Structures are given as structure tokens and as C-alpha cells.
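Note sheet for the following structure.
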Amino acid sequence: MSLEPPQELLLLHERLRSCRLCQDAGYLHRARPVLTDWGMRRGMMLIGQAPGVVEFDNGTPFGGRAGRELFRWLASVGIEEMEFRHRVYMCAVTRCFPGKSPTGNGDRKPSRPEIELCRPWLESILRILEPRVLLLVGGLAIERYLPGRRLDSIVGRRYEHEDQILIPLPHPSGASRWLNAREHRELLRDGLRQVRDLWDTVVDPAPEEPAERLPAPATVVR
Ligand code: SF4
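Right, here's the structure in full:
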């Protein structure tokens, strides 16, 4: 299995960076897709919901507070942030910051039309990378594959979907109170153990000499 980033995905990124579909359609004040050319490997891929305002500023997927929580979870099963970023392609159901929620509780959930506008990008990336394992982080990503399921009935388990293994995880943003319950935190631990169990066998090794360093994740808290 080649460890070179797929050329097709690098070319797709060039086009994705200039996507303004949601801005042109009036859904976003300013479109700015958040992506890096890191982690373009075929073993494991993460699908989140949408970037937050910190990611909008620094251009790094999971580069804000939710990312810090996600990497704290992963560290609890022995997976370090930089290793994960090198080895896992991190994307989202929509690739631009959707703005703050009108209720003031976290970020706005991308609308169905925005998800549909962004869907072809995600479909193309899935077709190119053909990941063996998909980490589904948060409700929108889970809804795509496991519609209508309650978090407490699916977190902690793994699912087979065609040739892929699905691992659903709650979103680490802190906007949800789901993890306040002890039994839910135990389900999360079970889910992270599923990630760990697959880590050494499914995920490509990191390149020995990365071509560039990722910008340090932001420490801004808003
Ligand atoms: S969310 Fe997706 S479809 Fe919408 S402007 Fe951003 S990259 Fe384009």
C-alpha cells in the first residue's frame, strides 16, 4: 500500500479550497473550507460535523477546543495527536464554519441544503481514499450512516457497512450534555477501545520524514 498522498486527492483539495457554493447560495456569510493535506492515508478516516470559528481562523481541522477534547480522549487509549493527524484523514460533513447558533448554544448546525451542497466533496474523498474504518464524530456524521439511532444505543459498538467498519463517537464540542452521565462516559471509553483495537492493524504507518509540520493547534478559547 502506497504511503504517498493520492495525487487525485491533492488535486481535489486545490478545487475544494476555492469552493464558495454555500456563500453564493446565501447560506454562509463567508465560505472558507477548512482542510489540510495531512493524513491522506487509506486506513482510517474521521468525519466530523463542521469546523468551528477557531478552525475557520487557523485552517486546521479540529484545531480548537473540540479538537483538544478529542485528542484528550484519544490519548487516553495511547494515540497521540500528531500521530493521529499524520495517519488519519480528518474531514467533516460540511467543510466551512456555519456560524454561531441563533440560540447562543455553540455553533449553528449546517442545514440540509448545505449538507447536500457539500456532499459531492465528501463522496469524492471517500471514493479516492476507500477508508477501511470510518470514525463518525457527532450527530450529523452518524446520521449519514446510522440514521434514527440514539447515541446511547450505538456508541461503544462497531458496525459493518459494505466493506467499511463504522465507529460512532459523540461530538467533543462540549455543547452536548450527553457525556454528563457516567454510563455514557463508559460507552465513550468502549468506543475509544474500538479505535485502539483497530489502530495498529488498519492504519497506515506515519511517514518517517513528514514534508512539513502542521501549524500548532490554536489555544484560543472563545
Ligand atoms: S460547506 Fe462545502 S459546499 Fe459549502 S462552501 Fe464550504 S466547501 Fe463548499
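In our numbering, each residue's number is its place in the sequence shown (first place is 1) plus 3. Beta carbons are placed, not taken as given, at the ideal position from N, Cα and C, and that holds for glycine. Remember, it's a predicted structure, so these values are computed and weren't measured experimentally.
Would you please state the rounded distance, in angstroms, between the beta carbons of residue i and residue j? I believe it to be under 8 angstroms.
i	j	result
P64	V37	6 angstroms
L100	P54	Residue identity differs from the one stated: residue 100 is Phe in this sequence, not Leu. Sure, about 5 angstroms apart at Cβ, within 8 angstroms.
A34	R20	With 8 angstroms as the limit, A34 and R20 do not qualify as a contact, their Cβ atoms being about 10 angstroms apart.
V80	L49	The pair is not a contact, with the Cβ atoms about 15 angstroms apart (cut-off 8 angstroms).
I145	I131	Not quite, the Cβ-Cβ distance comes to about 22 angstroms (not below 8 angstroms), so this is no contact.
P134	M47	6 angstroms
W181	L154	6 angstroms
G51	V136	With a Cβ gap of about 15 angstroms, G51 and V136 do not count as contacting.
V57	G66	6 angstroms
G29	H89	Actually they are not in contact, since the Cβ atoms of G29 and H89 sit about 38 angstroms apart, beyond 8 angstroms.
Buried or exposed, going by whether 16 or more other CB atoms sit within 10 Å of the CB of residue i?
i	result
V206	buried
T97	buried
G70	buried
D203	exposed
R68	buried
Q197	buried
E119	exposed
L169	buried
D166	exposed
R18	exposed
In the DSSP assignment, the beta strand (DSSP E) including residue i goes from what residue to what residue?
i	result
L31	No beta strand (DSSP E) contains L31, which DSSP labels as neither H nor E.
G51	M47 to G51
L172	Q167 to L172
L77	Taken as a continuous stretch (DSSP letters only), L77 belongs to no beta strand (DSSP E), being part of the alpha helix (DSSP H) at R68 to A78.
V140	V136 to V140
E163	Y162 to H164
Over what stretch of residues does the alpha helix (DSSP H) that includes residue i continue unbroken?
i	result
C121	R115 to L132
M85	E84 to R90
K198	Looking at the sequence provided, one finds Val at residue 198 rather than Lys. Segment R185 to V205, the alpha helix (DSSP H) holding V198.
D60	V56 to N61
S156	L154 to I157
E7	Careful: E7 lies outside any alpha helix (DSSP H) and carries neither H nor E.
- Using 8 angstroms as the Cβ pair cut-off and three pairs as the minimum, do the segment 152-168 and the segment 114-128 touch? No, they do not touch.
- May I have all residues whose beta carbon comes closer than 5 angstroms to any heavy atom of the ligand SF4, sorted in chain order? The set of residues with a C-beta under 5 angstroms from any non-hydrogen atom of the ligand SF4 comprises C22, L24, C25, A34, P36, T97, R98, C99, L120 and C121, given in chain order.
- Task: Taking 8 angstroms as the threshold, find out whether the segment 67-77 comes into contact with the segment 163-180 through three or more Cβ pairs.
- Result: Taking one beta carbon from each stretch, the segment 67-77 and the segment 163-180 have 3 or more pairs nearer than 8 angstroms; the two touch.
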